[in-house]
Structures are given as C-alpha cells and as structure tokens.
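Encoded as structure tokens, the structure appears first; notes follow it.
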C-alpha cells in the first residue's frame, strides 16, 4: 500500500513440449474513469526461453563381434530439434585398438557426434577390430562412450542416469579357430543348420508320373553333428550327410507325420481295379543354411560374404543319401495295407514303410478297387494336407 510501484514476476512453467521461445506480455489498459493515465511504457514483454535439450546415451546392441556383427550406441535428445546438435563424447582406451566408430568419430582431442537437424537421435555403429589375441586376451575388451559438456553446458544438459553406455566385444569367432594365418579372400563357411528332404518319384502304368518332396523334421536330424567348415572342407559336408542318411535310414523313415503322406502315391487312376506301379524312386536331398565369410587382409577381419544381396548361404545339393530306388515293376496290395490301417495310424504307416523297404518282395495280391474309401479316413485325419484327390477331403478344412 502507498507504494509508487508494483512488481509483477513471470514464472515459466516447465513442460516436455518442444515449442521454441515464447513471450509473456503485460499490457496496462486505459481506465474507465479518470483514476490514472497510461504512460509511454504501457506494456512490457518477457521472453521465456524453451529449456535446453537433455542428452542421453544407450547401447541398443550391446555386443560387437570380430566376425563383423556391429554393436550400436544411440545418443538421444529432448527439446527443440530444428537445428543440428553437436554432442561431445569421451571414449575408453580401446578405441582404434579394439574397436572403431567408422565415419563418425575421427578427432584426436575432442570427439563428438552430431544429432542431425529434425532428428531426435543419432546411431553410432561399433566396429570391432579383428586381432590375433587369444580367447583369454580377448576377454574384457569393450567400447565405452560417455557424454560430456566440452562444448559448454549452455548447449545441453546431460541425463546423469544415462550418460554412459558400454558395448562388449566378442573376439571368439569360429573362423579364428578354423583358419590360422588366413590369406586375403580366404573363405570360411559357418553352418547354422542342415535341412534334409525325401524326394519320392512314382510312375504307374495307368497315370502320369508323380513326384513330391517331404522335409525331414529337425528332431530327426539331432544325431547329425556338423562342424564349421573351411572352404577346403566344405565338400566333405555332403559326404557326411550321405553317410548319416545311410546309417540312420530307419530313424528317418519312422517319422509318422512325413510317412503318412507317402500313401498318396497309392492312389490309382479312376475306374482301375488293378494298379501296376512301374517305378518307385526314393532319395534324400540336403541343403546347408549358414553364413560364409571372406578374410580381408586390409582390415584384418572376417567380412560376411553377401554376394547377390543374400545375407545367408543357401545351397541345395542333390547328394543321394540313401538309395532306395527300384527300377523294376511290382504290385501293391491294398488289402494288406487295409489290415495295417485297422491297427491304427502307426500300424498303417508301418505298413507303408515295409512296402518301400521290401519292394523286392513284390506283393501279388490284386488290389481292391475302392482305394479311395480305404484311404479316406487317413486323408481326413491329416489336417495339414488340404487335398489328396484334387478335392476337399471329407472332414477336411
């Protein structure tokens, strides 16, 4: 009271909005009576500066391998993104000896990364350097990046809970163990898994040739141990698979899910009472799926081979794993298979298996004409196979 002046304080409200600088304006309005007169300075403005950005870092991919799999740092900011922001960082002593940050940091003293204009973050790849250290020496190698305020705290503040991040470096790559003193462009094949298929070809006198292929489930292949291969040893892969196929024939053909479909070849042409099958040929095919690496002596590391833009090796091979081919005619007894079917699915499948493994004892009993009626229960029970006869089976989906 009785004061010649009045002070009005403007208190900015903190929020997460990116809104740029704002203005608070106070205007003295003209009175409705003659109590006072508005002077020359009838208004005033206060600029409210939007808060400076807060910067943080995290390791999105926290492991880098000397095989060529990069780690990844991400540096993020809050606030205004209308301009690029230079963020100063410090690196641990492993930089340029254990790892590099290609195309991002080349400085000697103050290292920094740039968050581009209109971007909230920038990603920094961690490229592990291949060296000749033993597995024991490799332990403990890592890349660490820490944000600092070398450029001045007025540019940004640091999230103290996320000011540093680490990427571990894994130098125990399989190619290092397989190839000693590699030369330039030497290759190394790392097998991830091997797929095996059964190819079945049937030729009946009364129908067109029938050919199909079935994939052998992985659980059947668990006994097949494949080691990582160099280029020189790669050809041995297919011989190993052939040997395995011959030794484990019974394990392969005892898979009910796959063998239940073998009965498809028993379907004769319409209105044919007797079916003469002239040729049945069964063989195993294999394919390996994995990654191939080439050694680049310029950077002293294995680089994944991505020719034809294919990140993984996919090789098909016609290696004959087990020869069950019979090029002479034999007869099929559906009556005998009917007996097996009555014993349940497993017994029915066992009958089909016996048919293929003992084809040299060609069955002489004339087949019954109602083949479709005999096989229909088995077909309908197989929900994974939509149509065996070119039509929707009874009970099928």
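In the working numbering, the protein residues as written are 150 to 546.
From the three backbone atoms N, C-alpha and C, an ideal C-beta is built for every residue, glycine too.
Here the structure is a predicted model, which is why all the values come from computation and not from measurement.
How would you call residue 209, buried or exposed, if buried means at least 16 neighbouring beta carbons within 10 angstroms?
As a working note, residue 209 is residue 60 in the chain shown. Exposed, by the Cβ-count rule.
On a Cα-Cα basis, can you pick out the residue from 296, 445 and 328 that is closest to residue 203?
By one-based count along the chain shown, residue 203 stands at place 54. Looking at the Cα atoms, 296 is the closest of the given residues.
In chain order, what residues of the same chain lie with their CB nearer than 6 Å to the CB of residue 227, ignoring the 5 residues before and after it?
The count along the chain shown starts at 1 and reaches residue 227 at position 78. Result list for residue 227: 202 and 203, in chain order.
Classification of residue 262 by the beta-carbon crowding that lies within 10 angstroms, buried from 16 upward:
Here residue 262 refers to the residue found at position 113 of the chain shown. The residue is buried, with at least 16 neighbouring Cβ atoms inside 10 Å.
So who's on the other strand from residue 329, going by DSSP bridges?
Within the chain shown, numbered from 1, the residue matching residue 329 stands at position 180. Beta-bridge pairing links residue 329 to no other residue.
For residue 223 and residue 270, which I take to be in contact (beta-carbon distance under 8 Å), what is that distance rounded to the nearest angstrom?
Sequence index remark: in the chain shown, residue 223 carries index 74 (1-based). Sequence index remark: in the chain shown, residue 270 carries index 121 (1-based). Right, the Cβ-Cβ distance comes to about 5 Å (below 8 Å), so this counts as a contact.
Contact check, residue 305 vs residue 238, beta carbons under 8 Å:
Residue mapping note: residue 305 aligns to position 156 of the chain shown, counting from 1. Residue mapping note: residue 238 aligns to position 89 of the chain shown, counting from 1. No, Cβ-Cβ distance for residue 305 and residue 238 is not below 8 Å.
Give the secondary structure of residue 268 by DSSP, where H, G and I count as helix, E and B as strand, and everything else as coil.
Residue numbering aside, residue 268 sits at position 119 when the chain shown is read from its first letter. Residue state, collapsed to three classes: coil.
Select from 276, 333, 172 and 232 the residue whose C-alpha is nearest the C-alpha of residue 252.
Here residue 252 refers to the residue found at position 103 of the chain shown. Of 276, 333, 172 and 232, the residue nearest in Cα terms is 276.
Let me confirm a value: residue 225 is counted as buried when at least 16 other C-beta atoms fall within 10 Å, else exposed. Which label applies?
For the purposes of this step, residue 225 is identified with residue 76 of the chain shown, where counting begins at 1. Label assigned to residue 225: buried.
Note down the Cα distance separating residue 195 from residue 307, rounded to an integer number of angstroms.
As a first step, residue 195 is located in the chain shown; it is residue number 46 there, counting from the start. As a first step, residue 307 is located in the chain shown; it is residue number 158 there, counting from the start. If you take the alpha carbons of residue 195 and residue 307, they lie about 27 Å apart.
Grouping DSSP H, G and I as helix and E and B as strand, with all else coil, what is residue 453?
For the purposes of this step, residue 453 is identified with residue 304 of the chain shown, where counting begins at 1. Here residue 453 sits in strand by DSSP.
On the criterion of 16 or more Cβ atoms from any shown chain inside 10 Å, does residue 173 qualify as buried, or is it exposed?
Start at 1 with the first residue of the chain shown, and residue 173 comes out as number 24. Burial call: exposed.
Taking only the alpha-carbon atoms, compute the straight-line gap between residue 250 and residue 290 and give it to the nearest angstrom.
Walking along the chain shown from the start, residue 250 turns up at place 101. Walking along the chain shown from the start, residue 290 turns up at place 141. Cα to Cα, the separation comes out at about 15 Å.
Alpha carbon to alpha carbon, what distance is there between residue 273 and residue 156?
Within the chain shown, numbered from 1, the residue matching residue 156 stands at position 7. Within the chain shown, numbered from 1, the residue matching residue 273 stands at position 124. Residue 156 and residue 273: Cα-Cα distance of roughly 51 Å.
Looking at residue 171 and residue 240, is the spacing between their C-beta atoms short of 8 Å?
Against the chain shown, residue 240 aligns to sequence position 91. Against the chain shown, residue 171 aligns to sequence position 22. Their beta carbons are not under 8 Å apart, which means residue 240 does not touch residue 171 by this criterion.
Tell me, which residues are paired with residue 239 by DSSP?
If you number the chain shown from 1, residue 239 lands on position 90. Paired residues: 295.
Going by DSSP in three states, residue 283 sits in which element: helix, strand or coil?
On the chain shown, residue 283 is found 134 positions in, with the first residue counted as 1. Low confidence applies to residue 283: its pLDDT is 47, below 50, so where it sits in the model is not reliable, and the reading given next is rough at best. The answer is coil: DSSP assigns residue 283 none of H, G, I, E or B.
Just checking my contact of residue 444 with residue 333 at CB under 8 Å: how many whole Å lie between their CB atoms?
One-based indexing of the chain shown puts residue 444 at position 295. One-based indexing of the chain shown puts residue 333 at position 184. Correct: roughly 6 Å between the Cβ atoms.
Using the beta-carbon count (16 or more within 10 Å), is residue 331 buried or exposed?
The count along the chain shown starts at 1 and reaches residue 331 at position 182. Residue 331 comes out buried.
For residue 233, the three-state DSSP class (helix, strand or coil)
Taking the chain shown and counting its residues from 1, one reaches residue 233 at position 84. Residue state, collapsed to three classes: coil.
Cβ-Cβ separation, residue 175 to residue 193 (assumed contact under 8 Å), whole Å
Stepping through the chain shown from its first residue, residue 193 is reached at position 44. Stepping through the chain shown from its first residue, residue 175 is reached at position 26. 5 Å between Cβ atoms; contact.
In whole angstroms, give me the CA-to-CA distance for residue 205 and residue 242.
For the purposes of this step, residue 205 is taken as residue 56 along the chain shown, with counting starting at 1. For the purposes of this step, residue 242 is taken as residue 93 along the chain shown, with counting starting at 1. Distance between the alpha carbons of residue 205 and residue 242 is about 21 Å.
Output the distance between the C-alpha atoms of residue 231 and residue 266, rounded to the nearest integer angstrom.
Along the chain shown, one-based indexing puts residue 231 at 82. Along the chain shown, one-based indexing puts residue 266 at 117. Taking the straight line joining both Cα atoms gives about 6 Å.
Determine, using beta carbons only, whether residue 441 and residue 298 come nearer to each other than 8 Å.
Taking the chain shown and counting its residues from 1, the one referred to as residue 441 is at position 292. Taking the chain shown and counting its residues from 1, the one referred to as residue 298 is at position 149. In this structure, residue 298 does not lie closer than 8 Å to residue 441 by Cβ.
Kindly indicate the opening and closing residues of the beta strand (DSSP E) around residue 214.
For the purposes of this step, residue 214 is taken as residue 65 along the chain shown, with counting starting at 1. Note, residue 214: beta strand (DSSP E), 212 to 214.
Looking only at its chain, what residues have a beta carbon closer than 7 Å to the beta carbon of residue 317, apart from the 5 residues adjacent to it on each side?
Locating residue 317 in the chain shown gives position 168, counting from the first residue. 211, 212 and 291.
Closer than 8 Å by C-beta to residue 234: which residues in its own chain qualify, once you throw out the five before and the five after it? Chain order, please.
If you number the chain shown from 1, residue 234 lands on position 85. Cβ neighbours of residue 234 beyond the five flanking positions: 202, 204, 226, 263, 264, 304 and 305.
Using only the alpha-carbon positions, how far apart do residue 451 and residue 278 sit?
Position 302 of the chain shown, counted from the first residue, corresponds to residue 451. Position 129 of the chain shown, counted from the first residue, corresponds to residue 278. When rounded, the distance between both Cα atoms is 10 Å.
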